[in-house]
Amino acid sequence: MTRTPVNVTVTGAAGQIGYALLFRIASGHLLGADVPVNLRLLEITPALKAAEGVAMELDDCAFPLLRDITITDQANTAFSGTNVALLVGARPRTAGMERGDLLAANGGIFGPQGKAINDNAADDVKVLVVGNPANTNALIAQRNAPDVPAERFTAMTRLDHNRAVAQLAKKAGVTVADVKKVTIWGNHSATQYPDLFQAEIAGKAGFEAVGSDQAWVEDFFIPKVAKRGAEIIEVRGASSAASAANAALDHVHTWVNGTAAGDWTSMGIVSDGSYGVPEGIISSFPVTTKDGKFEIVQGLELSEFSRARIDASVAELVAERDEVTALGLI
Ligand code: NAD
Ligand code: LMR
């Protein structure tokens, strides 16, 4: 049976994450080896030529699943009929820029893109925001798309989740497949809380599997995961690209195809008030997914230690929401 191609939009397509992402989407790693795709590449005008170069290389791969490529600097065109939108392009922080300037500059990108999704996307659109500050950019896009169900807008904390899994596997001396039920709570920023206390590692409780070593958790594990993005920038000389692209593929693949039994993942999603996280902000939670929908894992018991860290990251998200509200962006 020939399947109808899925329309996948990638913004910032000529950037470094775009370059690590597009070839894997076209080879079936986003939606599956039997799902044809049309790619819609959105770039700013000066980067259109570079995006054309990437499209030439995509052609040269002769990917059997890749049907059609559109390159444009018009958001309405890029999001026309889109089923999956990966919002990667963002305004990076540059020297002398305050956080408010960064939020305002990104509001100028994610507000109009949210509106273009609202007006043009397919009814089943799923949106993943990768561009930083990812949670608040996702909030801006979501609030500018009132006709799209709020739960379709998500922010990426899967890279943090994968980083946490890798660190735990190393410490416990097991493979990554043995590490389950890790959670990233809060913001995709240095305040995030990577939580191993609910995890299961090779059949043991997560904390026990790392030697019940609280000092390791506090002084190594949490900062290692939360500050890994900065560490990559320092060591590699550029921000994470292949691992970020890989996490974007994982995020959407899990959202569409479901979490494995006995496991969950982490996604930045619109809070429904669970775990005391104020309704409406986009915060990372433990979620299970099935049939293209996700649910927050309920009933987890949080220690005072965990509670304080979740509260700190959520407070940062509330401050960001208040700032973009004051700027008139939402
Ligand atoms: P990059 O600078 O290499 O590429 C960004 C691209 O976006 C550029 O080609 C630029 O022209 C384009 N762009 C800018 N404004 C645009 C707009 N309005 N519409 C369409 N395209 C636009 O950056 P990168 O390394 O690919 O990273 C992209 C973003 O992802 C950054 O914000 C980065 O901080 C973020 N990031 C997030 C995570 C995460 O885990 N959530 C991880 C890594 C990077
Ligand atoms: C990451 O987590 O690797 C990125 O968000 C870092 C960054 O600032 O781009």
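One point on numbering: in full-length UniProt numbering, the residue at position 145 of the sequence shown is 145, and numbering is uninterrupted.
In this text, a Cβ means the ideal position worked out from N, Cα and C, and glycines have one as well.
Please read all numbers here as calculations on a predicted model, not as lab measurements.
Measure the Cβ-Cβ separation of residue i and residue j and say whether it is below 7 Å.
i: N120; j: N76; result: yes
i: S284; j: V277; result: no
i: P5; j: P36; result: yes
i: A244; j: I25; result: no
i: K181; j: V210; result: no
i: T157; j: S266; result: yes
i: T154; j: I269; result: yes
i: L102; j: D73; result: no
i: I69; j: G111; result: no
i: V256; j: L128; result: no
i: V54; j: V88; result: no
i: L317; j: N135; result: yes
i: L65; j: G28; result: yes
i: A145; j: N83; result: no
i: G258; j: K290; result: yes
i: A241; j: A20; result: yes
i: A50; j: A90; result: no
i: D160; j: I184; result: yes
i: R143; j: I330; result: yes
From the DSSP output, read off the bridge partner residues of residue i.
i: V129; result: L87 and A155
i: G268; result: A155 and S284
i: L317; result: Answer is none; L317 lacks a bridge partner.
i: E98; result: Paired residue(s): none; E98 is not in a bridge.
i: T9; result: R40 and A85
i: L66; result: V37
i: T289; result: F294
DSSP three-state label for residue i, please.
i: S27; result: coil
i: A138; result: helix
i: A150; result: helix
i: F294; result: strand
i: I71; result: strand
i: T4; result: coil
i: T259; result: coil
i: L22; result: helix
Among the options, which one has its Cα closest to the Cα of residue i?
i: G280; options: V54, D322 and W216; result: D322
i: V217; options: I232, E52 and A199; result: A199
i: I71; options: T191, L41, P46 and K49; result: L41
i: V314; options: S189, I233, T289 and G328; result: S189
i: A78; options: G12, A247 and L329; result: G12
i: Q192; options: K224, I232 and A169; result: K224
i: R163; options: R307, A247 and A33; result: A247
i: D195; options: A319, A230, F305 and R67; result: F305
i: I296; options: W264, D124, V125 and L302; result: W264
i: G229; options: V179, V8 and P133; result: P133
Can residue i be considered in contact with the ligand MG, in the sense that its beta carbon sits closer than 6 Å to one or more heavy atoms?
i: S240; result: For the ligand MG, the structure offers nothing, since it holds only the ligand NAD and the ligand LMR.
At what residue ranges does the region 149-208 contain a whole run of the alpha helix (DSSP H), taking only runs of 4 or more?
158-172
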